[in-house]
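Asker: Below are the structure tokens for one structure; questions will follow.
Residue numbers (my numbering): -7 to 412.
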């Protein structure tokens, strides 16, 4: 894989569904200056991405955070990191399932969110089970559609401002009745961080990259900065074209920009947004089911999850299990709560990665690799702790239950390995 191909691979993984769903939720947390928490989230993502760049070029092989945690802290920490990645994927699909049933779908038909979640997740599971070739073909088309949709939003926001209907004063409004400016930025950044996740899975293709020492850091940082610039422009366009209360109350916030600008049918943009949300859920569902399958095959999860369809060889048991858990979460949580839970789980993984960089400095390798400055890795770990303090108590409760389940499964897996 060349540097440009890797760049577009990472960009397609990062850029997409999150911002379609969460701009309104970020506005509710931070105020009209939606672009500020988006920019802060980009900066925080770049800190952790720097640690991933060192580890991926130092150990260019699939496994990601689980592999790095195993090298630095042992197999139990490695299992827990892998389990958190798996749980984060399941939660992400649940959040996107609820987002799919929101205002974007209402542009076509009004249906109960619970019913939409059931049908939506069942359809994605069937596509996933049909095969990776069909799924990746669908992803290629959907990625082009969702990027076009974000560019369209930026253009429509500029149109509203240029004709004099926009309100630029909201772009400097930070804070809500419940939060001062600093707390509002941090609270909004927790949700905005969700829009940047996806870059961490790219480490699994580092070993398939031509000259990863040079290619991987360039592609990773380039893709994140590109996504961040697009997100900031989308945040500016949304806040300038639509008042904060309307954004915060909408489950299809970018549709509000389209309606304010006029000239583009609401149904057309609703379709684009639904494609983006579905594509994000499909990619994450593929990752989650394959991760569950791989962990089961290695004896880290129950063995039945390693069962595959006889003809297509797709992991039907893992697909069924991860889809069922996503459906349960979609029926019991809202988008903001699920997004915060996902971020909490990934913050645990990112903290482990940022500290593992420093621990593994004593491990010399024979080849040259990217090296992140130690203060950057420390700041990356501190940023994870800082964001975690902004997550609500209810989300922490759900997250701790997931971590406890992971710890228990990790102990059981260790016992099975010793007996084996």
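Yeah, the Cβ is synthetic: ideal placement off N, Cα and C, and Gly gets one too.
Buried or exposed: which applies to residue 35, given that a residue is buried once 16 or more other Cβ atoms fall within 10 Å of its Cβ?
Answerer: The residue in question, residue 35, is exposed, as its Cβ has fewer than 16 Cβ neighbours within 10 Å.
Asker: Residue 180 and residue 6: beta carbons closer than 8 Å?
Answerer: Cβ atoms of residue 180 and residue 6: not closer than 8 Å.
Asker: Starting from the C-beta of residue 285, find all residues in its chain whose C-beta is less than 7 Å away, skip the five residues before and the five after it, and write them out in chain order.
Answerer: Cβ within range, chain order: 297, 298, 307, 310.
Asker: Could you give the distance in angstroms between the alpha-carbon of residue 404 and the alpha-carbon of residue 59?
Answerer: If I take the Cα positions, the gap works out to 19 Å.
Asker: Measuring only the C-alpha atoms, how far is residue 212 from residue 38?
Answerer: Between residue 212 and residue 38, the C-alpha separation is close to 9 Å.
Asker: Per DSSP, what kind of secondary structure is residue -6 in: helix, strand or coil?
Answerer: Residue -6: coil per DSSP, three-state reduction.
Asker: Tell me which same chain residues have a C-beta within less than 6 Å of the C-beta of residue 72, skipping the five on either side of it?
Answerer: Only 398, 402 meet the Cβ criterion.
Asker: Which residues in the same chain as residue 100 place their Cβ atom closer than 7 Å to its Cβ, once the five residues preceding and following it in sequence are excluded?
Answerer: Within the same chain, residue 100 has close Cβ partners 259, 262.
Asker: Do you know whose CA, among 328, 154, 67, 267, lies nearest residue 15's CA?
Answerer: Cα-wise, what sits closest to residue 15 is 328.
Asker: Can you name, in chain order, every residue of its own chain whose Cβ lies under 7 Å from the Cβ of residue -1, other than the five neighbours on each side?
Answerer: Excluding positions up to five away in sequence, the list reads 211, 214, 215.
Asker: Contact check, residue 141 vs residue 232 under 8 Å by CB: the rounded distance?
Answerer: Actually they do not touch by this definition, with Cβ atoms about 18 Å apart.
Asker: What's the C-alpha gap between residue 77 and residue 341?
Answerer: Taking the straight line joining both Cα atoms gives about 7 Å.
Asker: When we look at the beta-carbon of residue 114 and count the other beta-carbons within 10 Å, is it buried (16 or more) or exposed?
Answerer: With fewer than 16 Cβ atoms within 10 Å of its Cβ, residue 114 is classed as exposed.
Asker: On the CB-based measure, 16 or more other CB atoms within 10 Å of its CB, does residue 237 come out buried or exposed?
Answerer: That one is exposed.
Asker: Quick check on residue 356: buried or exposed, where buried means 16 or more other Cβ atoms within 10 Å of its Cβ?
Answerer: Flag for residue 356 reads exposed.
Asker: Assign residue 290 to buried or exposed, taking buried as 16 or more other Cβ atoms, counted over all protein chains shown, within 10 Å of its Cβ.
Answerer: Classification of residue 290: exposed, given that the 10 Å Cβ count is below 16.
Asker: Spell out a yes or no on whether the region 81 to 97 and the region 313 to 320 are touching, meaning 3 or more CB-CB pairs, one atom from each, closer than 8 Å.
Answerer: Because the criterion of three Cβ pairs below 8 Å is met, the region 81 to 97 and the region 313 to 320 touch.
Asker: Near residue 369, which residues of its chain fall below 6 Å by C-beta distance, leaving aside the five closest residues on each side in sequence?
Answerer: So the list reads 43, 346, 349, 350, once near-sequence residues are dropped.
Asker: What are the start and end residues of the alpha helix (DSSP H) that includes residue 191?
Answerer: Counting along the chain, residue 191 falls outside any alpha helix (DSSP H), and DSSP gives it neither H nor E.
Asker: Evaluate the contact criterion for the region 88 to 103 versus the region 362 to 380: three or more CB pairs, one atom per stretch, below 8 Å.
Answerer: No, they do not touch.
Asker: Taking only three categories from DSSP, how would you classify residue 201?
Answerer: Reduced to three states, the DSSP call for residue 201 is coil.
Asker: Considering only their Cβ atoms, is the gap separating residue 336 from residue 377 smaller than 8 Å?
Answerer: No.
Asker: So, for residue 428: in the same chain, excluding its five sequence neighbours on each side, which residues have a beta-carbon less than 6 Å away from its beta-carbon?
Answerer: A query on residue 428 cannot be resolved here, the shown segment of the chain reaching from -7 to 412 and no further.
Asker: Please classify residue 174 as buried or exposed, where buried requires at least 16 other C-beta atoms within 10 Å of its C-beta.
Answerer: Looking at its Cβ environment, which holds fewer than 16 other Cβ atoms inside 10 Å, residue 174 is exposed.
Asker: What's the C-alpha gap between residue 241 and residue 250?
Answerer: Between residue 241 and residue 250, the C-alpha separation is close to 16 Å.
Asker: Run through DSSP, which three-state label would residue 168 get?
Answerer: DSSP places residue 168 in strand when its eight states are reduced to three.
Asker: Grab me the residues of residue 3's own chain with a C-beta within less than 7 Å of its C-beta, minus the 5 sequence neighbours each way, in chain order.
Answerer: Closer than 7 Å at Cβ, skipping near neighbours: 215, 218, 219.
Asker: To the nearest angstrom, how far is it from the Cα of residue 344 to the Cα of residue 70?
Answerer: Near 9 Å, if we compare the C-alpha coordinates of residue 70 and residue 344.
Asker: By the three-class DSSP mapping on this structure, what secondary structure does residue 382 have?
Answerer: Coil, per DSSP.
Asker: Identify, in the order they occur along the chain, each residue of the same chain with its Cβ nearer than 7 Å to the Cβ of residue 23, setting aside the five sequence neighbours on each side.
Answerer: Closer than 7 Å at the Cβ level, and outside the excluded window around residue 23, lie 165, 166, 167, 168, 176, 236.
Asker: Which residues in the same chain as residue 112 place their Cβ atom closer than 6 Å to its Cβ, once the five residues preceding and following it in sequence are excluded?
Answerer: For residue 112, where only same-chain residues beyond five positions count, the Cβ hits under 6 Å are 89, 92.
Asker: Are there 16 or more other CB atoms within 10 angstroms of the CB of residue 25, so buried, or fewer, so exposed?
Answerer: Buried.
Asker: Which residues in the same chain as residue 27 place their Cβ atom closer than 6 Å to its Cβ, once the five residues preceding and following it in sequence are excluded?
Answerer: Result list for residue 27: 224, 227, 228, in chain order.
Asker: Using the beta-carbon count (16 or more within 10 Å), is residue 277 buried or exposed?
Answerer: The residue in question, residue 277, is buried, as its Cβ has 16 or more Cβ neighbours within 10 Å.
Asker: Of the choices 353, 21, 48, whose alpha-carbon is the least far from that of residue 194?
Answerer: Measuring from the Cα of residue 194, the nearest candidate turns out to be 48.
Asker: For a test of the three-state rule: what should DSSP assign to residue 51, helix, strand or coil?
Answerer: Residue 51: coil per DSSP, three-state reduction.
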